[in-house]
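Peer 1: Before I ask anything, here is the structure I am working with.
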Amino acid sequence: MHPKSALAAAEASKSLLAGVPMPWMKRWPGKFPLSVSDAKGARFVDIDGHEYVDFCLGDTGAMTGHGVTEIADAVSTQMKRGATTMLPTTDATWVGHELTRRFGLPKWQFAISATDANRFVLRLARQITGRPKVLVHDWCYHGSVDEALV
Numbered sequence: 010m011h012p013k014s015a016l017a018a019a020e021a022s023k024s025l026l027a028g029v030p031m032p033w034m035k036r037w038p039g040k041f042p043l044s045v046s047d048a049k050g051a052r053f054v055d056i057d058g059h060e061y062v063d064f065c066l067g068d069t070g071a072m073t074g075h076g077v078t079e080i081a082d083a084v085s086t087q088m089k090r091g092a093t094t095m096l097p098t099t100d101a102t103w104v105g106h107e108l109t110r111r112f113g114l115p116k117w118q119f120a121i122s123a124t125d126a127n128r129f130v131l132r133l134a135r136q137i138t139g140r141p142k143v144l145v146h147d148w149c150y151h152g153s154v155d156e157a158l159v
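If you want it as structure tokens, here you go:
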């Protein structure tokens, strides 16, 4: 049913630990993960030509869909202005104000990854509560935070 994905997984095992670029990808059901060829909107196609509805959407990285022209154009425009300077921007301030307006929470902090987000929230929760232990649900991705690896 997925012979090309099986071959791709075998080939990947030659140079990628567990045959996948990121360790959590190994935990998907089946003997091997599907290899994706392309994605558009809320669907993706594997290298064997099977189309799927993408309920994960890049774990929110593509929550507006894959290949959205308006987003690709906005990203292209921003990249021409610079990718990251490691300093604040007025765009970040605007986003903080907009999040406050929309959701009513007075303060926001941004993270680059699930790992960063979880580290930040664990530190904050421990500081506020004074409790060192954390309850973690297995089979969920929590970034590469040691406390969240079950």
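Those letters in the sequence shown? Residues 10 to 159, per our numbering, in order. The beta-carbon is built from N, C-alpha and C at its ideal position, and this holds for glycine as well.
Could you check the C-alpha separation between residue 99 and residue 63 for me, to the nearest Å?
Peer 2: One-based indexing of the sequence shown puts residue 99 at position 90. One-based indexing of the sequence shown puts residue 63 at position 54. Near 33 Å, if we compare the C-alpha coordinates of residue 63 and residue 99.
Peer 1: Within the same chain, show all residues whose beta-carbon is closer than 8 Å to that of residue 60, passing over the 5 residues directly before and after it, in chain order.
Peer 2: Mapped onto the sequence shown, residue 60 falls at position 51. Closer than 8 Å at the Cβ level, and outside the excluded window around residue 60, lie 52, 53, 54.
Peer 1: Which residue comes first and which comes last in the alpha helix (DSSP H) that contains residue 100?
Peer 2: Here residue 100 is taken as the residue at index 91 of the sequence shown, counted from 1. 99-112 is the extent of the alpha helix (DSSP H) around residue 100.
Peer 1: Ends of the alpha helix (DSSP H) at residue 27?
Peer 2: The count along the sequence shown starts at 1 and reaches residue 27 at position 18. First-last for residue 27: undefined, no H or E at that position.
Peer 1: Please report the distance separating the alpha-carbon of residue 78 from that of residue 41.
Peer 2: For this step, residue 78 is matched to residue 69 along the sequence shown. For this step, residue 41 is matched to residue 32 along the sequence shown. Cα to Cα, the separation comes out at about 32 Å.
Peer 1: Within the continuous alpha helix (DSSP H) that includes residue 85, where are the two ends?
Peer 2: The count along the sequence shown starts at 1 and reaches residue 85 at position 76. That run of the alpha helix (DSSP H) goes 78-90.
Peer 1: Taking the beta strand (DSSP E) that residue 55 belongs to, which residues open and close that run?
Peer 2: Along the sequence shown, read from residue 1 onward, the residue named residue 55 stands at position 46. That run of the beta strand (DSSP E) goes 52-55.
Peer 1: With DSSP collapsed to three states, give me the class of residue 49.
Peer 2: For the purposes of this step, residue 49 is identified with residue 40 of the sequence shown, where counting begins at 1. If DSSP states are grouped into helix, strand and coil, residue 49 belongs with the strands.
Peer 1: Is it true that the CB of residue 120 sits closer than 8 Å to the CB of residue 129?
Peer 2: For the purposes of this step, residue 129 is taken as residue 120 along the sequence shown, with counting starting at 1. For the purposes of this step, residue 120 is taken as residue 111 along the sequence shown, with counting starting at 1. Going by C-beta atoms, residue 129 is nearer than 8 Å to residue 120.
Peer 1: Return the chain-ordered list of same chain residues with a C-beta closer than 6 Å to the C-beta of residue 113, the five sequence neighbours on each side being excluded.
Peer 2: Translated into positions along the sequence shown, residue 113 becomes position 104. Once the five neighbours on either side are set aside, residue 113 has no close Cβ partner at all.
Peer 1: Please return the same chain residues whose Cβ sits closer than 7 Å to the Cβ of residue 46, not counting the five positions on each side in sequence.
Peer 2: One-based indexing of the sequence shown puts residue 46 at position 37. Counting only Cβ-Cβ distances below 7 Å, and skipping sequence neighbours, we find 54, 55, 56.
Peer 1: If residue 58 and residue 75 are in contact, beta carbons under 8 Å, what's the gap, nearest whole angstrom?
Peer 2: Position 49 of the sequence shown, counted from the start, is the residue given in the question as residue 58. Position 66 of the sequence shown, counted from the start, is the residue given in the question as residue 75. Taking C-beta atoms under 8 Å as the contact rule, residue 58 and residue 75 fail to qualify, at a distance of about 17 Å.
Peer 1: Measuring alpha carbon to alpha carbon, tell me which residue in 38, 97, 88, 43 is nearest residue 19.
Peer 2: Here residue 19 corresponds to residue number 10 of the sequence shown, with the count starting at 1. Considering only alpha carbons, the answer is 43.
Peer 1: Helix, strand or coil for residue 130 per DSSP?
Peer 2: For the purposes of this step, residue 130 is taken as residue 121 along the sequence shown, with counting starting at 1. Residue 130 falls in the helix class under three-state DSSP.
Peer 1: With residue 29 and residue 23 assumed to form a contact (beta carbons below 8 Å), what rounded beta-carbon distance in angstroms separates them?
Peer 2: If you number the sequence shown from 1, residue 29 lands on position 20. If you number the sequence shown from 1, residue 23 lands on position 14. Contact check for residue 29 and residue 23: beta-carbon distance about 12 Å, past the 8 Å limit, so the pair fails to qualify.
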